[in-house]
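Counting from 275, one number per residue, gives the positions in the sequence shown under my numbering.
Cβ atoms here follow ideal geometry from the backbone N, Cα and C, with glycine treated the same way.
Since the structure is predicted, the reported quantities are computational estimates derived from the model, not experimental observations.
This report concerns only the one structure given below.
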Amino acid sequence: MASIRVALAQLNFRLGDFKTNVALIADAYERAVEQQADVVVYSELAVCGYPPEDLLLKQQFLDDARAAVEEIAANTSNAVAVVGFPEVEGECLYNSAAICYQGNIKGIYRKQLLPNYSVFDEKRYFTPGASAGPIIKIGGANIGVSICEDLWFDEGPLDHQVSSGVGLAISLNASPYQRGKDSDRASTVIDRVTRHEIPVVYVNQVGGQDELIFDGSSFVVDSQGELVARLPQFEESVQVVDLEVEECGSGDLPVIVVSRSEQQKKPIPEKRIAEEEEEIAEVWKALVLATRDYVNKNGFKEVVVGLSGGVDSSLVAAIAVDALGPERVHGVSMPSRYSSQGSKDDAAALAENFGIDFETISIEPGYTALTNMLEPVFEGHQTDLTEENLQSRLRGVLLMAMSNKKGWLVLTTGNKSETSVGYSTLYGDTAGGFAVIKDCPKLMVYELCRWRNQQTSATWIPEASITKPPSAELRPDQTDDQSLPPYEVLDPLLEAYVEQDQTAGELISRGYDAEIVHRITRLVDLAEYKRRQSPPGPRISTKAFGKDRRLPITNQYR
């Protein structure tokens, strides 16, 4: 048996910022070398960040990526660095891993299985690799490289690698977070370990990238299927682990032979396993990371939230404070004649509890002016939804004016239940730059608020915001259940229709009321045009609106 010390570099890259990414990679390499690592493993496309999308169609981007990986290689010493990058050869583009050692790129592995589903469309850009090699040979142990999807299916390169004497598999990943994904990854890797009886090192990136959240949670499973290391979720970490790898001869794959010092290695802790979070805590941390990275990576200093005193805006403000600190968050109450005193008080209390800047701007003068302007045009028409939407759009105008004047990013407050059925005002409450809870159903919104309050002895989110009947407060005595079924009925129905793709007939056969099913599915279908014009927001479910679910707006199929 050969003892191999592997460093897992779980890093938060900035997409397209090669200078920063090279520095992150170099720093992690130095830390790994100090701990006498034999191999340092980074995540998929680490050099440029993931997913680069159509930047991959720009030749200069690809040239810069190549220059970056060559710079990384030039600064390597006696530890192997395995770094993901986009590789061009001839007319083909590959999702590759550079094997860097002693100042050079010694070999390149090319990803074979390209995902083309859900949020992934790698076949738009990449050509599949044809070889399961090269193999890295260190002290008699053979190490095989794979990239993300390669490990998820039996027809991946691992079978060929094992038949060629590989005794340790390392996997570079850019695997986005969704609820339950962490256990899926672990079960997949354990299945591979059980089948091949070799240890697997799984390295994932961390950080927010537009609508995707990468949770890290990199881990190592030994040849017996035992978890021997797990890095924390939602934060950067570099960790080394010692693995006993069976020595074996090499088969038909090319081999990169690595010499190493026989100097005795300093001991490291045998097991460092980060605690698993409960699911609601995972979701909270995911939303906090997504918000922080979207704001910071796009160069915003501060954010603004319209505070209605309701549960949705309270949750968004709380997430923003945890992500950025109270000094970077501004809350604005914009009451109308229909706003209750309780709601105004709850908005002010929330701002005070979290220590954020708070302003109150009544929309009454603007609403009166607009209705007077429109009175000649509206003559002969009854007051209806139009006047309600005017109020919401006025609030959007005020928030965007503050954004323009002060450079604040507007965080919108719509949840997935409302977004699904179009229970929102286009250019009103959808106006903004980042939709923090757009993939959170209403019942989850309540759960997140309760969880956040339980983390401290004080009640930071006012209890009244959580317990009062939800209302847009755009007309007298308005509540959500006048327009929608109770959320206890609506949310499971929407999950089945949107995330599980069940038909109206299947929903009715499950016991849902036929009238409700037909009304809600029709609302979901009709609201596609609104969703296309809404801001991006973090994906936490198996199917979020956006890349996960691509439907035409002009569509007669029901």
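Taking residue i as the reference, which of the options has the closest Cα?
i: Arg466; options: Val480, Leu486, Val436 and Gly681; result: Val436
i: Ala709; options: Ser587, Val695 and Val651; result: Ser587
i: Ile542; options: Val514, Val562 and Val519; result: Val514
i: Val357; options: Glu327, Gly407, Asp328 and Ala300; result: Ala300
i: Ala564; options: Arg793, Gly481, Leu748 and Glu308; result: Gly481
i: Glu318; options: Gln284, Asn678 and Tyr641; result: Gln284
i: Lys385; options: Trp426, Ala302, Lys680 and Met718; result: Trp426
i: Lys804; options: Pro600, Asn378, Thr828 and Ser420; result: Thr828
i: Arg726; options: Leu298, Ile464, Ala555 and Pro609; result: Ala555
i: Ala371; options: Val307, Val343 and Ser492; result: Val343
i: Ser457; options: Met718, Gly490 and Gly583; result: Gly490
i: Val557; options: Lys680, Asn678, Ile711 and Leu598; result: Ile711
i: Glu601; options: Gly573, Phe628 and Ser582; result: Phe628
i: Ala592; options: Leu624, Leu683, Asp751 and Ala406; result: Leu624
i: Ser438; options: Glu423, Pro408, Gly413 and Ile444; result: Pro408
i: Glu576; options: Gly681, Gly820 and Ala302; result: Gly681
i: Phe488; options: Glu653, Val562 and Ser524; result: Val562
i: Gln452; options: Leu505, Gln830, Asp822 and Pro826; result: Asp822
i: Asp516; options: Glu802, Ile278 and Gln483; result: Ile278
i: Thr741; options: Asp751, Pro759, Gln729 and Val719; result: Val719
i: Gly640; options: Ser666, Gly616, Asp631 and Gln615; result: Ser666
i: Phe292; options: Cys322, Ala306, Phe359 and Ala355; result: Cys322
i: Glu549; options: Ala594, Met674 and Ser492; result: Ser492
i: Pro528; options: Thr733, Glu662 and Asn416; result: Asn416
i: Thr777; options: Thr753, Arg832, Asp787 and Gln807; result: Arg832
Please classify residue i as buried or exposed, where buried requires at least 16 other C-beta atoms within 10 Å of its C-beta.
i: Ser783; result: exposed
i: Cys366; result: exposed
i: Arg813; result: buried
i: Leu659; result: exposed
i: Lys411; result: buried
i: Asn447; result: buried
i: Gly785; result: exposed
i: Pro736; result: buried
i: Thr795; result: buried
i: Asp312; result: buried
i: Leu217; result: Residue 217 lies beyond the residue range present for the chain, which begins at 275 and ends at 832; the question has no answer from this structure.
i: Ser757; result: exposed
i: Ser731; result: exposed
i: Pro715; result: buried
i: Thr687; result: buried
i: Glu361; result: buried
i: Thr699; result: buried
i: Pro473; result: buried
i: Tyr324; result: buried
i: Asn295; result: buried
i: Asn369; result: buried
i: Gln537; result: exposed
i: His655; result: exposed
i: Ser636; result: exposed
i: Ser806; result: According to the sequence shown, residue 806 is Arg rather than Ser. Exposed, because fewer than 16 other Cβ atoms sit within 10 Å of the Cβ of Arg806.
Per DSSP, what are the beta-bridge partners of residue i in this structure?
i: Ala709; result: Thr686
i: Arg546; result: Ala503
i: Ser277; result: Glu518
i: Cys366; result: Glu363
i: Pro450; result: Phe488
i: Gly358; result: Ala371
i: Ile410; result: Ile417 and Ile530
i: Arg823; result: Gly820
i: Gln921; result: Nothing can be reported for residue 921: it is not among the residues displayed for the chain, which extend from 275 to 832.
i: Arg602; result: Note: Arg602 sits in no beta bridge, so no partner.
i: Ser607; result: Thr634
i: Val313; result: Val280 and Val354
i: Ala443; result: Gly418 and Val474
i: Val494; result: Val475 and Ala503
i: Asn378; result: Tyr375
i: Arg384; result: Ser370
i: Gln483; result: Leu486
Below 8 Å on the Cβ atoms is my guess for residue i versus residue j; work out the distance and round it to an integer in Å.
i: Gln507; j: Lys559; result: 7 Å
i: Gly499; j: Thr468; result: 6 Å
i: Asn352; j: Arg546; result: About 24 Å; that fails the 8 Å criterion.
i: Glu520; j: Gly418; result: That belief does not hold up - the Cβ atoms of Glu520 and Gly418 are roughly 13 Å apart, past 8 Å.
i: Gly811; j: Glu485; result: 6 Å
i: Ser677; j: Val578; result: 7 Å
i: Leu685; j: Ala594; result: 6 Å
i: Glu662; j: Arg749; result: 6 Å
**Report entry** Residue ranges of each alpha helix (DSSP H) within the region 724–796, 4 or longer
**Finding:** With a minimum length of 4 residues, the continuous alpha helix (DSSP H) runs that stay inside the region 724–796 are 737–741, 761–768 and 778–783.
Query raised in the report: Where are the alpha helix (DSSP H) runs, 4 residues long or more, that stay fully inside the region 622–656, in chain order?
Result: The region 622–656 is shown to contain whole alpha helix (DSSP H) runs of 4 or more residues at 638–652, in chain order.
**Report entry** Secondary structure, alpha helix (DSSP H): runs of 4+ residues fully inside the region 535–592
**Finding:** As far as the region 535–592 is concerned, its whole alpha helix (DSSP H) runs of at least 4 residues are 553–571.
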